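Residue numbers 0 to 339, in numbering that gives the first Met the number 0, belong to the letters of the sequence shown in order.
All C-beta atoms in this analysis are idealised placements derived from N, C-alpha and C, irrespective of residue type, glycine included.
From a predicted model like this one, the values you see are computed outputs, not experimental measurements.
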Amino acid sequence: MRKKFILFLWIALATSVVVVGVVFCLIWNGVIGYMPDMKDLQNPISRFATQIYSSDGKVLGTWNINKSNRIPVAYSNLSPHLVHALVATEDARFYEHSGIDFYAVGRAVVKRGLLGQTSAGGGSTITQQLAKNMFRVRTKYSTGLMGKIPGVKLLIMKTKEWITAVKFELYFSYTQGRDKGKKEILTQYANTVDFGHNAYGIKTAAQTYFNTTPDKLTTDQCAILVGMLKATTYYNPISHPENCIQRRNVVLDNMRTHGDLSQEDFDTLKQEDIDVSEFKVEENYDGQAKYFREAVAKYLSSWCEETGYDLYTSGLKIYTTLDSRMQKYAEQAAVKQMRQ
Numbered sequence: 000m001r002k003k004f005i006l007f008l009w010i011a012l013a014t015s016v017v018v019v020g021v022v023f024c025l026i027w028n029g030v031i032g033y034m035p036d037m038k039d040l041q042n043p044i045s046r047f048a049t050q051i052y053s054s055d056g057k058v059l060g061t062w063n064i065n066k067s068n069r070i071p072v073a074y075s076n077l078s079p080h081l082v083h084a085l086v087a088t089e090d091a092r093f094y095e096h097s098g099i100d101f102y103a104v105g106r107a108v109v110k111r112g113l114l115g116q117t118s119a120g121g122g123s124t125i126t127q128q129l130a131k132n133m134f135r136v137r138t139k140y141s142t143g144l145m146g147k148i149p150g151v152k153l154l155i156m157k158t159k160e161w162i163t164a165v166k167f168e169l170y171f172s173y174t175q176g177r178d179k180g181k182k183e184i185l186t187q188y189a190n191t192v193d194f195g196h197n198a199y200g201i202k203t204a205a206q207t208y209f210n211t212t213p214d215k216l217t218t219d220q221c222a223i224l225v226g227m228l229k230a231t232t233y234y235n236p237i238s239h240p241e242n243c244i245q246r247r248n249v250v251l252d253n254m255r256t257h258g259d260l261s262q263e264d265f266d267t268l269k270q271e272d273i274d275v276s277e278f279k280v281e282e283n284y285d286g287q288a289k290y291f292r293e294a295v296a297k298y299l300s301s302w303c304e305e306t307g308y309d310l311y312t313s314g315l316k317i318y319t320t321l322d323s324r325m326q327k328y329a330e331q332a333a334v335k336q337m338r339q
């Protein structure tokens, strides 16, 4: 055991030296690859779906392509159960660290490096995951020439995640205060994460799986969605319901351990079956007034070219003169007459 401990110390020292070297090399993008700076954090490039509204305030439909199928929501529109499930499962010390959880990193190194436990949990914080989701620090263009060296690529990617995560924490703490900054990080994470079935972001996920909004998600539903983050396919309630139930119960247990769920509620919820009877993947042509929406899209095409907006990825909110109630009656009348 002593030899393993000494070996661990040497590995830790060597890793520290390399990390320091990588940090000093970050100014050379050609060597290390792309590294987000403070301007990127202040003005991130987001791809959100465009929503088209009726005159009475109803959403007639959305326009999106692939990962732009996201509708951002504010922290106040997130269910408290979702926040509790996220923190308890993904980052238990989220409110204590400043982007990097050194305890979790050390635990992962010891369990995997010394004890050989391949199933040991990782050390990534929610802030690090946000950095990875928003700036693609793990793609080819982000690793540069050094990324081609065996064993160095992972070190570069993790170092960039750490540095970007710390920048996130510093920026939001400075501009909004620590408490509001933490809430902003949680909100951005919930708005960017992939829940499978072309559901990017918590609002689209809540609509897709449960036909509801993020603020109305139940404890059980929140546990299901957060459980999917470990593997959106393997723990998906549609394709693998049994795996989903097991993972949901793990999330519920984390919430109980974290003090966010009573023992009585945990015992009750873990026995319940999952209900995804309202599941429906949203398409561009779902909703009302399809021909009208197509006419609006054509009308706005030249305006988009002039202003630089993209109808499918710029997250626009378009308000029209169409009344959704009158449209509903008109469509019903049309169907009735066509049958005759």
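By the CB criterion at 7 Å, T88 and V225 fall inside the cutoff. T158 and G180 have their alpha carbons spaced roughly 22 Å apart.
Within 10 angstroms of the beta-carbon of K229 lie fewer than 16 other beta-carbons, which makes it exposed. Proximity of the region 166-173 to the region 79-86 falls short of the contact definition, fewer than three beta-carbon pairs being nearer than 8 Å. Cβ-Cβ separation between H80 and C303: approximately 39 Å, too far for a contact (criterion under 8 Å). Counting every other CB atom within 10 Å of its CB across the protein chains shown gives K131 a total of 16 or more, marking it as buried. Between the region 195-208 and the region 257-274 there are fewer than three inter-stretch CB-CB distances shorter than 8 Å, so the stretches are not counted as touching.
By the C-beta density criterion, D100 is buried, having at least 16 other C-beta atoms within 10 angstroms.
Remark: C-beta atoms of G122 and A103 approach each other more closely than 7 Å. Counting C-beta atoms within 10 angstroms of its own C-beta, N253 has 16 or more neighbours from the protein chains shown and is therefore classed as buried.
Between Y52 and L129, the C-beta gap is not smaller than 7 Å, which leaves the two residues out of contact. In this structure, the alpha-carbon of K166 lies about 45 Å from that of S323. Nearest C-alpha to T319 among D55, A48, R69 and D266: D55.
Here E183 is buried. Its C-beta has 16 or more other C-beta atoms within 10 Å.
Restricting attention to P71, E168 and V72, the CA atom closest to the CA of G98 is found in E168. Just measuring C-alpha positions, the residue of K57, N190, D219 and E241 sitting nearest Y74 is N190. Between G200 and I70 a beta carbon distance of about 6 Å is seen, short of the 8 Å cut, so the two are scored as contacting. The alpha carbon of T211 has as its nearest neighbour, out of N197, M337, V334 and L77, the alpha carbon of L77. Positions of the alpha helix (DSSP H) runs, each at least 4 residues long and wholly inside the region 49-84, cannot be given because no such run exists. T49 is a Cβ neighbour of L315, given a cutoff of 7 Å. Per DSSP, reduced to three states, the secondary structure at S123 is coil, with no helix or strand assignment.
Collapsing the DSSP output to three states places F93 in coil. Collapsing the DSSP output to three states places K166 in a helix. Rounded to the nearest angstrom, the Cβ distance from L59 to Q287 is 5 Å, consistent with a contact under 8 Å. About 6 Å separates the CB atoms of E277 and F209; that is less than 8 Å, so the two are in contact. Under DSSP, S261 shares a beta bridge with no residue. The criterion of a C-beta distance shorter than 7 Å is not satisfied by L310 and F291. Per DSSP, the continuous alpha helix (DSSP H) segment holding K179 begins and ends at R177 to T191.
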